[in-house]
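Numbering (the working numbering), first residue to last: 1466 to 2331.
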């Protein structure tokens, strides 16, 4: 007895072509494996060579269609059981529950509305552009001012004579307090020690001091003493600060620098420092406490520990002349505030129209003139400016460049009563602040690519679902009558049966089963997910936002599910690409609905104000006083250093998903422990079962993340087995679905001749229990004909797989299996040797009857392939 070769070609057995199908001997081949017939057959008669039959490409369309029809008729003639199996396909489907239908509709609705809900890309930024790729997110924003008056020993706010309190957040947590607290930490004077509460100190003080609760408010007397002592300390620090005005003006009799009237002006710059501070995210522009970041979450606060590197610059103007109202802050280019060089402090124009009030330095001058009007002859006014600007902080986690910096200017106006001998006492302090945020990004340049990828993914999945519907409709074109005969299905009945097949398909397999959709969505998220997070987090501040805003925010953050889908697909591809893998091993995929569950759980770790978030921590971590070099400070504020970065975007996705997975494992293991305890304590053996071995339901642990699915042998031959990156059988929501409506189990639908898996192959625990003895000891797979046909239907209807099938040269074979009581025919996609091993048969028990090109068979015949 000869055996069929590796590919079932004529090299291993002679071919007897059917005269009816001799027009194209390359497409349909019939075989006989009888060695005796081959040895006793007479030699072939010599005949005149005939003209070469026309090739497939040379035939007219009607001829090609006719040949496809003949190939289908041939298989139907020699294997009529396949038609009966296809006709009874729907009748063996499990009963659908309402919950399953609703879940399927909901999943497909979310899938088809991803781009409408979350947007295709970042097409524009709702910010003012300062220069190319640089935008003003907000500001200069004038914050609420605080007025503090002193009348003798009484401190008031000017509106009432009673004592008052000031919010602690302005001086401990607000980003505008960074500069004030840095100066206080570095300037060591007795007056500062006496005036400033220890709970505001952090840099050069024990960490426990800042952690001490100051209360929600500070007394007005304390705030007045704090600001007054800080202004005095900054003014006194000018003597120890390097300036061209304080340096020797001559060297060896040669004048070094002569700047005329500028050299005669008092020294303005009195303090410069560099500091590092903890990222803060309190957001309330109206109260003067604004957002240091677009999102403060559990992740950024507790795990990533984001920080800012800051430059602090203080200037004092104490020589203001009421006879010449106002102040010229920027007159001396070597001794002036840094804001004179900043584009955000200059007038801003939007499409040629002035958007803001005049430049910030002009606003300060107007305010000085306003205060000078009410001064008495014995009173004078001085101003102290404390500028704080962070270095651009790069935020990694996507292909786009994204960085941001914060800036703030605290302006302290002091009205002082002076005597003739020059002694002065402060009678009023005005604490006024300006804040803002600048964004650096090239997100708009990546927008076309990200939008194209998302549109491709969205269109592809729409076509994918349409093809699945058409495939379901084509698969139910025949039905079995009461006598078991195959008859045509009426159109209305056919539609109902097609809908039933459509909802019998696990939705999660369709959602994550297409390479194109998963790759496009995941790539687009990697490109601009970081920018999308910035926009959505900044626009949605709390759960009180509109429903549409929250829907868009959730849709954007749930896109991390495509990253997991891509990893799952790559894992399945590596698994099924191994040389030792065969369809008998099955495919290990992620449990159904686990990916969206993890993505939804990860949201709580990135939502602003999520679980266990305490954003009231803006301590100064390190600080050093530096020389007041203007060029150095300006460069620091505009340079994107590679090491000054925070991990967000894709990195925060992965970290939050990992945290969600840890919680998921803890919950599942706790639940299983409770169930085991319940079984052992509550389920007692009865008299009828005491003598019988008891099933240990918890002996084999259920999978946590991955579950193995049995696949037909068509996997790897007709469709890519890595399409099953999500488990077909195991669903995270299965207990809920079974509780509400227990459908008919797949395992109860064993087919009489379904040997789809080699019993020696390795799989999930308990796979031996899933195999049952078939005919004459032949092990048959627990994968039912219904599940096999559904898998073929789902994955062959994928546009990419279908295109490869139609344009390729994949073949299916009809085998006759004989051994003892076993006598059946199977349509198989594997070679004869593989079939013999799979069915645990000898080669002499497997006969190859016909080999046909898969692209020429009807849809109903394709899905019955083993």
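Beta carbons: idealized from backbone N, C-alpha and C, even for Gly. Just so you know, these numbers come straight off a predicted model, no measurement behind them.
Can you tell me whether DSSP reads residue 1994 as helix, strand or coil?
helix
Measure the alpha-carbon distance for residue 1709 versus residue 1606 and round it to whole angstroms.
33 Å
So, residue 1652 versus residue 1698, is the Cβ gap smaller than 8 Å?
yes
Would you mind reading off the limits of the alpha helix (DSSP H) that contains residue 1832?
1825-1838
May I have the straight-line CA-CA distance separating residue 2110 from residue 1861, to the nearest angstrom?
Their Cα atoms are separated by approximately 7 Å.
N- and C-terminal bounds of the beta strand (DSSP E) containing residue 2129:
Where residue 2129 is concerned, there is no enclosing beta strand (DSSP E), although the alpha helix (DSSP H) it sits in stretches over 2115-2147.
Reference residue 1673; option with closest CA among 1680, 1681 and 1663
1663
Does the Cβ of residue 1751 have 16 or more other Cβ atoms within 10 Å, making it buried, or fewer, making it exposed?
The predicted model places residue 1751 with a pLDDT of 40, which falls under 50 and marks its position as unreliable; any figure quoted below should be read in that light. Exposed, by the Cβ-count rule.
Runs of beta strand (DSSP E) lying entirely within the region 1643-1725, each at least 3 residues, in chain order
1682-1684
Assign residue 1878 to one of three DSSP states: helix, strand, or coil.
strand
Look at residue 2112 and residue 1743 and say whether their C-beta atoms are less than 8 Å apart.
no
Cβ separation of residue 2282 and residue 2291, assumed to be a contact under 8 Å, to the nearest whole Å
6 Å
With respect to 7 Å, is the separation between the Cβ of residue 2271 and the closest non-hydrogen atom of the ligand NAP below this value?
Judged by which ligands are present, the structure shown has none, so any question about the ligand NAP falls away.
Quick check on the DSSP output: the alpha helix (DSSP H) that includes residue 1910 runs from which residue to which?
1908-1940
Under the rule that 16 or more other beta-carbon atoms within 10 Å means buried, what is residue 1560, buried or exposed?
exposed
Who are the Cβ neighbours of residue 1686 in its own chain at under 8 Å, not counting the five residues just before and after it?
1620 and 1628
Applying the criterion that 16 or more other CB atoms from any shown protein chain within 10 Å of the CB defines a buried residue, is residue 2233 buried or exposed?
Caution is warranted here: a pLDDT of 35 is assigned to residue 2233, below 50, making its placement in the model unreliable, and the coordinate value is therefore given only provisionally. Exposed, since its Cβ has fewer than 16 Cβ neighbours within 10 Å.
Starting from residue 2098, trace the alpha helix (DSSP H) both ways and give me its first and last residue.
2095-2101
If you drop the 5 nearest sequence neighbours on each side, which residues of the same chain put their C-beta closer than 7 Å to that of residue 1689?
1613, 1615, 1620 and 1894
Could you check how far apart the C-beta atoms of residue 2255 and residue 2278 are, in whole angstroms? I think they sit under 8 Å.
The Cβ separation is near 22 Å, so there is no contact.
Just the Cα atoms here: how many angstroms apart are residue 1741 and residue 2000?
Looking at the backbone, the Cα of residue 1741 and that of residue 2000 are separated by about 26 Å.
Per DSSP, what kind of secondary structure is residue 1605 in: helix, strand or coil?
strand
Just tell me which of 1827, 1808 and 1855 has its CA closest to the CA of residue 1775.
1855
Return the Cβ separation of residue 1648 and residue 1571 in integer angstroms, given the expectation that the two are a contact with Cβ distance under 8 Å.
The C-beta separation of residue 1648 from residue 1571 comes to about 57 Å, leaving the pair out of contact by the 8 Å criterion.
Pull the bridge partners of residue 1870 from the DSSP assignment, please.
1903.
Counting Cβ pairs closer than 8 Å, one from the region 1967-1978 and one from the region 1870-1885, do we hit at least three?
no
To the nearest angstrom, how far is it from the Cα of residue 1701 to the Cα of residue 1869?
34 Å
Leaving aside the five residues before and after residue 1577 along the sequence, list all residues of the same chain whose C-beta is less than 8 Å from its C-beta, in chain order.
1923, 1926, 1927 and 1930
Can the beta-carbon of residue 2189 be found closer than 8 Å to that of residue 1974?
yes
CB residue 1899 to CB residue 1825, shorter than 8 Å?
yes
Residue 1764 and residue 2171 look like a contact to me (Cβ under 8 Å); what is the Cβ gap, rounded to whole Å?
In fact, because the Cβ distance is near 26 Å, the residues do not count as touching under 8 Å.
So residue 2024 and residue 1990 are in contact, right, with Cβ under 8 Å, and what is the actual spacing, rounded?
Correct: roughly 5 Å between the Cβ atoms.
By how many angstroms is the C-alpha of residue 1807 removed from the C-alpha of residue 1772?
23 Å
Distance check for residue 2123 and residue 1588, CA to CA, integer angstroms please.
31 Å
Which value, in whole angstroms, describes the spacing of the CA atoms of residue 1957 and residue 2036?
42 Å
Would you mind reading off the limits of the beta strand (DSSP E) that contains residue 1733?
Here residue 1733 belongs to no beta strand (DSSP E), and DSSP marks it neither H nor E.
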